[in-house]
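Just below is one structure, and these are the notes that go with it.
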Amino acid sequence: MTTRTASSLWQFRQPSVIPGFGLALGVTLSWLILIILIPLSGLAWRSSALGWSTFWTLATDQRTINALRISFGTAFLAALINVVFGVILAWVLVRYRFPGKRVIDAMVDLPFALPTAVAGIALTTLYAPNGWIGSLLSPLGIKIAFTPIGIVFALVFVGLPFVVRTVQPIMEEIDKEVEEAAATLGANRFQTISRVLLPGLAPAVLTGFALAFARGVGEYGSVIFIAGNLPYVSEIAPLLIVIRLEEFNYPAATAIAAVMLVISFAMLLIINTIQAWSRRRYGYGA
Amino acid sequence: MEVRVQNIRKEFSRFPALNDVSLDIRSGELIALLGPSGSGKTTLLRLIAGLESPTEGTVYFGNEDASRKTVQQRNIGFVFQHYALFRHMTVLDNVSFGLTIRPAGRRPAKAEIRKRALELLDLVQLSGLEKRYPAQLSGGQRQRVALARAMAVEPNVLLLDEPFGALDAQVRKELRRWLREIHDRTGHTTVFVTHDQDEALELADRVVVMSKGQIEQIGTPDEIYDTPNSPFVFGFIGQSNILPVRVENGQLCIEGRSIGVSALGEADGPAQLYFRPHDIELLDGPGGCIAGLVTVTRRVAGTRHVELAIDAVNSRVEIELPPEKVTSDHSRVAFRPTRWKLFRD
Chain Y
11 MTTRTASSLW
21 QFRQPSVIPG
31 FGLALGVTLS
41 WLILIILIPL
51 SGLAWRSSAL
61 GWSTFWTLAT
71 DQRTINALRI
81 SFGTAFLAAL
91 INVVFGVILA
101 WVLVRYRFPG
111 KRVIDAMVDL
121 PFALPTAVAG
131 IALTTLYAPN
141 GWIGSLLSPL
151 GIKIAFTPIG
161 IVFALVFVGL
171 PFVVRTVQPI
181 MEEIDKEVEE
191 AAATLGANRF
201 QTISRVLLPG
211 LAPAVLTGFA
221 LAFARGVGEY
231 GSVIFIAGNL
241 PYVSEIAPLL
251 IVIRLEEFNY
261 PAATAIAAVM
271 LVISFAMLLI
281 INTIQAWSRR
291 RYGYGA
Chain S
3 MEVRVQNIRK
13 EFSRFPALND
23 VSLDIRSGEL
33 IALLGPSGSG
43 KTTLLRLIAG
53 LESPTEGTVY
63 FGNEDASRKT
73 VQQRNIGFVF
83 QHYALFRHMT
93 VLDNVSFGLT
103 IRPAGRRPAK
113 AEIRKRALEL
123 LDLVQLSGLE
133 KRYPAQLSGG
143 QRQRVALARA
153 MAVEPNVLLL
163 DEPFGALDAQ
173 VRKELRRWLR
183 EIHDRTGHTT
193 VFVTHDQDEA
203 LELADRVVVM
213 SKGQIEQIGT
223 PDEIYDTPNS
233 PFVFGFIGQS
243 NILPVRVENG
253 QLCIEGRSIG
263 VSALGEADGP
273 AQLYFRPHDI
283 ELLDGPGGCI
293 AGLVTVTRRV
303 AGTRHVELAI
313 DAVNSRVEIE
323 LPPEKVTSDH
333 SRVAFRPTRW
343 KLFRD
């Protein structure tokens, strides 16, 4: 397979005993182009056709800016909450044995499987001012449904499995000896967890955060039920895109979409870079 | 600090891993726990550390009963076979860890901790690598970091669990010599576990040979090698040959013929003769010797290993000869053990 001419043609290709590099890379690239790059470049093409000034006017429209702020803000907050409770949940599932553990383990995946609209409706019935929990909170002046808080609740729901499922396997790999080493050096339980175990999990936690965050930004189905969708207050960007589309206002829809695309890509790129950096340093998977 | 283990018994779900083990470790001593896997040597080490708690028995640090103390309170240094370094911390942070987590009252100042960690890194010959992460070090370097980390807390006793087990032979040998040097310089009471007898005999002041949850023999490397007190120790340490013999009138006999070795004071009857391949002398005469036919010869470094078939008792022995002594296959070789031991079933 590997000949001199081939290797001079493909300079970036490392000689390897594993065959099929060309084929695998070819398939990967065409698949990525077909599934991700073509649709996204269509979007970029569309928005570039608007011209810079039109694009800028559309993108800086106050309603658009508020929608984007709500989308990214709630997704960020929800991902943070998920990191805290997701890590605790994963810890419990990895570290302890108790009756019903398997059931709980399976339940973690429910938000993956459930149509998000179902989640949205269920959460709305719970947290609406006349719902089970909402009716208890409304006398206290706390409103959850139809506010950005409701959006956070919905996003916490859909994002939870991402954190749990990325952290869990790494947690299972933690060497018991590392904990014992900390103990022999005099570390108490709290110090062992906070200074040894959790920092070691940081890359996995970051991945979970990125996934939950990305999911939260793109989430539509569960949010629109509980958000109330008040323009400027609790209207998320994906919904605004749909609204613009229904108005046949394609330029506005593409403009918002393009802004979302750029911000999401930038954030994921940053998170991935941090991860790659920490992985290189700590040598995970090495 | 001296460490005393008294009548320790440890069961893992009814299975006894240690059975009535007692051991006195003198202050500043370097002791090896040597035994095959499953002999309980690691369990004993972990009991001293406090990583396991005994089913029965007591561990004393000095005059203090340490068995009631937790691992954290015992102030020991433990080095694990697979290093168990904190991989998200730099080498310096790893070494400082034990000091930085101390409660504010007992914690040295930051600059002091740094100074001590750097001194230790110097001691383990890793100066200049303090900013590296464990993943960026070789196995031998990692183990040296682990040792520096364990010594940073000024431990009462330094415990090492197969410290060189995961390293390749060359590094191992080098680290062995180096550990001895460090021990001589710092004088920590040190206990290390190994299944490598060369390591134990070369490194330790005293060797504790263990088997099946019990201590077989405690002694200096010389005592262990030259006067093993049980068939197990004889067979486990070094090379050994076993021949079934009979004691008759204070003479060792094979098939009724004396082999020229007198065992005065031994009762008559069957026994097993143990001797080392190099503790023999070659003979010419037809009588008063053990005779066998050469089956295999191998040249191993400075000696020639010759395998003999002793047809009289249907068994094989290996003897070591000087390399210039060439023996052809199937030739007859007669010898007599110069140093031996008898064990009876």
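Order-wise, the sequence lines are chains Y and S. Position in the first sequence counted from 1, then plus 10, gives you the working numbering. Position in the second sequence counted from 1, then plus 2, gives you the working numbering. The beta-carbon is built from N, C-alpha and C at its ideal position, and this holds for glycine as well. Note that the structure is a prediction, hence the values are computed from the model and not measured.
Between residue i and residue j, what straight-line distance do the alpha-carbon atoms span, to the nearest angstrom?
i, j, result
"A69/Y", "V269/Y", "7 Å"
"T67/Y", "I28/Y", "53 Å"
"G36/Y", "I48/Y", "16 Å"
"D270/S", "V247/S", "11 Å"
"A336/S", "P288/S", "8 Å"
"A150/S", "Y242/Y", "60 Å"
"I273/Y", "G40/S", "59 Å"
"K175/S", "S242/S", "24 Å"
"E257/S", "V235/S", "27 Å"
"L46/S", "V97/S", "26 Å"
"I184/Y", "Q74/S", "20 Å"
"N282/Y", "I43/Y", "21 Å"
"V104/Y", "D67/S", "35 Å"
"I312/S", "Q199/S", "28 Å"
"Q127/S", "P136/S", "15 Å"
"D71/Y", "G52/Y", "23 Å"
What does a CB cutoff of less than 6 Å around residue i pick up in its chain, not counting 5 residues either side in sequence?
i, result
"R290/Y", "none"
"K214/S", "none"
"P18/S", "G215"
"F82/S", "D163"
"I236/Y", "G130, L133, T134, A155, G160 and A164"
"I91/Y", "V166"
"G238/Y", "F156 and S244"
"R182/S", "L205"
Near residue i, which residues of its chain fall below 8 Å by C-beta distance, leaving aside the five closest residues on each side in sequence?
i, result
"N9/S", "D22, V23, S24, E58, G59 and T60"
"V159/S", "M3, V5, I27, I50, F63, I78, G79, H190, T191, T192 and V193"
"R338/S", "I261, G262, V263, I282, E283, L285, G290, C291 and I292"
"V168/Y", "P121, T126, A129, R225, G226, E229 and S232"
"R205/Y", "A192 and A197"
"N76/Y", "P241, Y242, V243 and E245"
"T222/S", "D207, R208 and V209"
"R346/S", "G271, P272, A273 and Q274"
Helix, strand or coil for residue i, going by three-state DSSP, please let me know.
i, result
"S81/Y", "helix"
"G271/S", "strand"
"F337/S", "strand"
"G295/Y", "Its pLDDT being 41, under 50, G295/Y is placed unreliably in this model, and the coordinates cannot settle the point."
"V157/Y", "According to the sequence displayed, residue 157/Y carries Thr and not Val. T157/Y: coil per DSSP, three-state reduction."
"F17/S", "strand"
"N9/S", "strand"
"L124/Y", "coil"
"R107/Y", "coil"
"R289/Y", "helix"
"Q253/S", "strand"
"R278/S", "coil"
"D26/S", "strand"
"E256/Y", "helix"
"P241/Y", "coil"
Let me confirm a value: residue i is counted as buried when at least 16 other C-beta atoms fall within 10 Å, else exposed. Which label applies?
i, result
"A88/Y", "buried"
"R107/Y", "exposed"
"K43/S", "buried"
"H90/S", "buried"
"A171/S", "exposed"
"I174/Y", "The residue asked about is misnamed: residue 174/Y is Val in this sequence, not Ile. Answer is buried; the Cβ neighbour count reaches 16."
"M181/Y", "buried"
"E114/S", "exposed"
"M212/S", "buried"
"V308/S", "buried"
If you drop the 5 nearest sequence neighbours on each side, which residues of the same chain put their C-beta closer than 7 Å to that of residue i?
i, result
"H185/S", "L32 and T192"
"G304/S", "P325"
"E132/S", "T92, V93, L94, L120 and L123"
"K111/Y", "L103"
Run through the segment 290 to 327 of chain S for me and flag every whole beta strand (DSSP E) of 3 or more residues, listed as ranges in chain order. 292 to 302, 305 to 312 and 317 to 323
Kindly provide the ranges of any alpha helix (DSSP H) runs that are 4 or more residues long and lie completely inside the segment 39 to 67 of chain S, ordered along the chain. 43 to 51
Length at least 3, wholly inside the segment 68 to 155 of chain S: the beta strand (DSSP E) runs in chain order: 79 to 81
Which runs of the beta strand (DSSP E) spanning at least 3 residues fall entirely within the segment 147 to 226 of chain S, listed in chain order? 160 to 163, 192 to 196, 208 to 213 and 216 to 221
Ordered list of alpha helix (DSSP H) runs contained in the segment 26 to 62 of chain Y, each at least 4 residues: 31 to 42 and 48 to 58
I'd like the ranges of any beta strand (DSSP E) spanning at least 3 consecutive residues and lying wholly in the segment 180 to 227 of chain Y. none
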